[in-house]
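>
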Amino acid sequence: MEASYLSGADVGSLLDPGGAAWRGARSERIALMGTPVGLQPTEAIRAKWIDKKIGAIGAVSVAALHDGTRLAFRLEWEDTSESREISDTTAFPDAAAVALPSAEGSPIMTMGAVGAAVNAWYWRADEEGQGRQVVAEGLGTSRGVEGKLVHAQGLWKEGRWSVVISRDLEIATDEPVAQLTPGQRTGFGVTVWEGSGGERAGIKAFSGDWIELVLQPLPTARG
Amino acid sequence: MAKSKRQLAMVMDLNKCIGCQTCTIACKRLWTRDEGMEYQWWNSVNTMPGRGTPRDWEDMGGGFREGKAKPGRMPTTKDFGEAWNFNYDEVFRGGKGDKVHLKIEGDQPDWGPNWDEDQGAGEYPNSYYFYLPRICNHCTHPACLEACPRKAILKREEDGIVLIDEDRCRGYRFCMEACPYKKIYFNHAERVAQKCIFCFPRIEQGVANACARMCPGRDAPIWKLVDKWKVAIPLHPEYGTDPNVFYVPPIAPPRFDEEGNIDESKPRIPDEYLVSLFGPKVLDVLVVLKGEMTKTRAGGKSELMDLLIAYRWKDMFGGFDRDPATIEWIKA
């Protein structure tokens with residue numbers, strides 16, 4: 001998939017899932033699968049989910065744009081229930097994330113490995129506007145990256161979520177995050193949690209192995 | 224999981240608990256006054272038999288059976304009982320104090336943390352009940368800790384206190400499903416799980432837990448009751464988490480027969496009910512307690528009875544007897 005370069009007036013609405021920036025964006029449909037129950041990190045979670053379906057959301061449409069400074073993904077999927085608020089102890093918010101490799105060869109299936117981190121950018125419906133970023137070097141090792149560097153916003157309309165998750169291509173941090181440049185060829189993965197089904201943490205639908213992502217090069221500067 | 228080098232514990236004597244809720248309020252005032260904690264009662268006292276708090280918590284699973292994690296159910300916000308708002312302004316400050324009654328504003332609740340107080344069970348004149356104070360059991364085999372996928376719960380090596388790291392917690396609440404005692408709460412403002420911290424900031428200064436220190440009933444030294452006399456036993460040992468809060472089981476006054484005479488042929492609180500709470504060992508404990516009571520009634524001496532009476536208040540705190548008023552406490 002290509003993250004197209006966008007310039008001009010539409011850049012201003014890059015972070016808005018309903019914005020003009022996305023009007024012409026090409027979406028790719030990506031099939032999702034539930035995480036295997038055997039891979040859940042604790043016995044209590046495995047015991048609770050052994051007979052339940054994991055991964056309620058079967059597919060997500062993804063588009064990506066960058067403006068030379070910032071990379072944004074727009075994720076769209078069908079969801080008849082808008083779960084925004086944690087209105088009860090039994091209620092969980094809808095959520096989504098984009099994962100990127102921090103290094104060449106970082107394994108996505110195990111959420112990274114020591115020295116080969118995976119960097120994930122999160123949106124959670126109850127934390128509107130404020131995204132979150134983690135790095136992980138193996139299952140159950142994720143840690144937050146300081147700073148409000150990820151912007152994430154969701155819009156639910158007529159049974160469909162439209163969520164934009166974005167971050168600067170390059171950021172200053174000592175953490176092993178993905179550092180990106182226009183023209184780069186990398187990979188990405190997506191994850192969606194269906195809050196109304198109690199999905200959270202490792203209970204989720206994900207896209208499997210890395211999907212190729214090419215950041216369109218900046219137009220060559222004229223003479 | 225690494226075993227703690229030392230394990231703090233607590234004994235609650237159900238023959239002395241009068242259900243005054245002083246422990247509950249001591250804890251509330253100290254730890255759960257912030258936003259999002261209104262409905263939290265890290266220390267609760269319920270009447271037994273009863274449905275408890277959260278409602279029907281004993282039927283919610285969790286913990287371990289034969290060493291394997293048993294799936295647990297999440298209590299709802301209504302099962303815990305929400306914090307109620309009262310029409311204080313109207314009654315106390317609105318000039319209508321002689322016309323309006325104090326009442327709960329908004330939706331009328333059908334449950335709360337002490338909803339079935341003093342109902343108990345049995346038929347008059349042989350009805351029965353007792354009070355059961357509960358805090359986090361700071362288990363040796365904590366189901367909450369093992370359930371957390373973020374490793375956000377830790378058991379301190381130096382004293383066995385189980386704590387939730389709120390910086391790591393993302394509010395997934397697997398711990399709340401896994402805890403068979405249902406003593407973990409969700410903070411809706413901070414979006415993290417919270418629970419009894421065994422007053423660790425006090426413990427670290429040599430001060431006993433607020434619930435224990437404020438208790439007018441006086442509990443006794445732990446090891447002598449648990450290990451020497453073996454009269455303090457955990458609640459629901461079959462949950463498999465190895466709690467570190469122990470109970471001296473209750474003995475009620477004798478029953479009456481149909482003619483109104485004292486009938487000691489069977490106990491007022493049915494043995495099978497106590498076995499359902501504390502396991503079969505409770506029957507041995509009752510034999511010891513009754514034996515020692517009989518001895519003192521006949522004029523004899525009993526170390527156990529002296530311990531349970533707790534003549535010296537400070538002896539009850541296992542060395543954590545510093546006066547909290549001698550410390551300047553600062554809220555972080």
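Sequences listed follow chains A and B, in order.
Sequential numbering of the first sequence, starting at 1, is according to the numbering used here.
Sequential numbering of the second sequence, starting at 224, is according to the numbering used here.
Even for Gly, the Cβ is constructed at its ideal location relative to N, Cα and C.
Fair warning: this is a prediction, and the values are worked out from it, not measured in the lab.
Check whether chain B comes within 8 Å of A:D88, counting only Cβ atoms and requiring the distance to be less than that.
Yes - at least one Cβ of chain B is within 8 Å of the one on A:D88.
> Is the closest heavy atom of the ligand ZN to the C-beta of B:D312 under 7 Å?
Of the ligands one can find in the structure shown there are none, so the ligand ZN has no counterpart to examine.
> Using a Cβ-Cβ cutoff of less than 8 Å, which residues in the same chain neighbour B:G290 once the five nearest sequence positions on both sides are dropped?
Cβ within range, chain order: G463.
> Hey, would you say A:P176 sits closer than 8 Å to A:A120, going by beta carbons?
For A:P176 and A:A120, no; Cβs fall outside 8 Å.
> Taking Cβ positions only, does B:K406 come closer than 8 Å to chain A?
Cβ-Cβ to chain A under 8 Å: no for B:K406.
> Quick check: is the beta carbon of A:I45 nearer than 8 Å to any beta carbon in chain B?
Output row for A:I45: interface = yes.
> Let's see if you can read the secondary structure: which residues bound the alpha helix (DSSP H) around A:R166?
According to the sequence as given, residue 166 of chain A is Ser; it is not Arg. Per DSSP, A:S166 belongs to no alpha helix (DSSP H); it is in the beta strand (DSSP E), R160 to D168.
> Name the residues in the region 356-384 of chain B whose C-beta lies less than 8 Å from a C-beta of chain A; which are they?
Listed in sequence order: A366, E369, A370, C371, P372, R373 and K374.
> Can B:G275 and B:Y354 be called in contact, C-beta distance under 8 Å?
No; because the gap between Cβ atoms is not below 8 Å, this pair is not in contact.
> By DSSP's criteria, A:L71 is part of a beta bridge. Which residues make up the other side?
DSSP lists A:H66 and A:R167 as partners of A:L71.
> Which first and last residues belong to the beta strand (DSSP E) in which B:D236 is found?
That run of the beta strand (DSSP E) goes M233 to D236.
> By the 7 Å beta-carbon criterion, what residues does the region 399-432 of chain B contribute toward chain A?
Listed by position, the residues of the region 399-432 of chain B near chain A (Cβ gap below 7 Å) are M399, E400, A401, F409, H411 and R414.
> Taking the C-alpha atoms as reference points, what is the distance between A:G223 and A:W210?
Low per-residue confidence applies at A:G223: pLDDT is 44, beneath 50, and the placement is therefore not dependable enough to give any value.
> May I ask you to report which of helix, strand or coil DSSP gives B:P272?
Looking at B:P272 - three-state DSSP - the assignment turns out to be coil, as it is neither helix nor strand.
> Note down, in chain order, every chain B residue with its Cβ under 9 Å from the Cβ of A:R26.
The contacting residues do not exist; A:R26 stays about 33 Å from chain B at best.
> At a Cβ threshold of 8 Å, is A:P36 touching chain B?
No, no contact with chain B.
> Determine the chain A residues that contact B:T245 at a beta-carbon separation under 8 Å, and present them in chain order.
By Cβ distance, chain A contributes nothing, its closest Cβ being about 28 Å from B:T245, past 8 Å.
> Can you tell me the Cα-Cα spacing of B:D341 and B:L500, whole angstroms?
Roughly 18 Å between the two C-alpha positions.
> Using the C-alpha atoms, what's the distance from A:A9 back to A:Q184?
When rounded, the distance between both Cα atoms is 25 Å.
> Beta carbon of A:G131, beta carbon of A:I86: below 8 Å?
No. Outside cutoff.
> Residues in the region 162-194 of chain A with C-beta within 7 Å of chain B's C-beta atoms, listed in sequence order?
Going along the region 162-194 of chain A in chain order, one finds no residue with a Cβ nearer than 7 Å to chain B.
> B:A416 and B:I407 look like a contact to me (Cβ under 8 Å); what is the Cβ gap, rounded to whole Å?
Indeed, because the Cβ distance is near 5 Å, the residues count as touching under 8 Å.
> Can you tell me whether B:M516 is helix, strand or coil according to DSSP?
The answer is helix: DSSP assigns B:M516 an H, G or I state.
> In three-state DSSP terms, what is B:L377?
Three-state DSSP puts B:L377 in a strand.
> Find the nearest neighbour of B:A370 within the set B:P490, B:G394, B:I445 and B:G522, judged by alpha-carbon distance.
Checked all of B:P490, B:G394, B:I445 and B:G522; the closest Cα to B:A370 is B:G394.
> Let me know the secondary structure DSSP gives B:K450 once reduced to three states.
Here residue 450 of chain B turns out to be Asp, not Lys, going by the sequence shown. Reduced to three states, the DSSP call for B:D450 is helix.
> Within a Cβ cutoff of 8 Å, which residues of the same chain sit near A:V163, ignoring the five residues on either side of it in sequence?
Closer than 8 Å at Cβ, skipping near neighbours: P17, R74, L75, E76, A96, W123, A152, Q153, G154 and L155.
> Within the region 409-493 of chain B, note down every full alpha helix (DSSP H) run reaching 4 residues or more, in order along the chain.
Complete alpha helix (DSSP H) runs here, min 4: 423-426 and 433-437.
> By how many angstroms is the C-alpha of A:S13 removed from the C-alpha of A:A20?
So the two alpha carbons sit approximately 6 Å from each other.
> I'd like the ranges of any alpha helix (DSSP H) spanning at least 4 consecutive residues and lying wholly in the region 245-307 of chain B.
Runs found: 245-254 and 300-303.
> Got a sec: is the Cβ-Cβ distance from A:G223 to anything in chain B below 8 Å?
Model confidence at A:G223 stands at a pLDDT of 44, short of 50, so the residue's coordinates are unreliable; what they give is reported in the following sentence. It does not: the Cβ of A:G223 has no partner Cβ on chain B nearer than 8 Å.
> Does the distance from the C-beta atom of A:V60 to that of A:V190 stay below 8 Å?
It is a contact, given that the beta carbons lie within the stated cut-off.
> Closest Cβ-Cβ distance between B:R396 and chain A: below 8 Å?
Chain A, which has a Cβ nearer than 8 Å to the Cβ of B:R396, makes this yes.
> How would you list, in chain order, the residues of chain A whose beta-carbon sits under 7 Å from the beta-carbon of B:T300?
By Cβ distance, chain A contributes D88 and T89.
> Just to confirm, are A:S27 and A:V62 a CB contact at a threshold of 8 Å?
Yes, the Cβ-Cβ distance between A:S27 and A:V62 is below 8 Å.
> By how many angstroms is the C-alpha of A:D174 removed from the C-alpha of A:V192?
Computed Cα separation, rounded: 28 Å.
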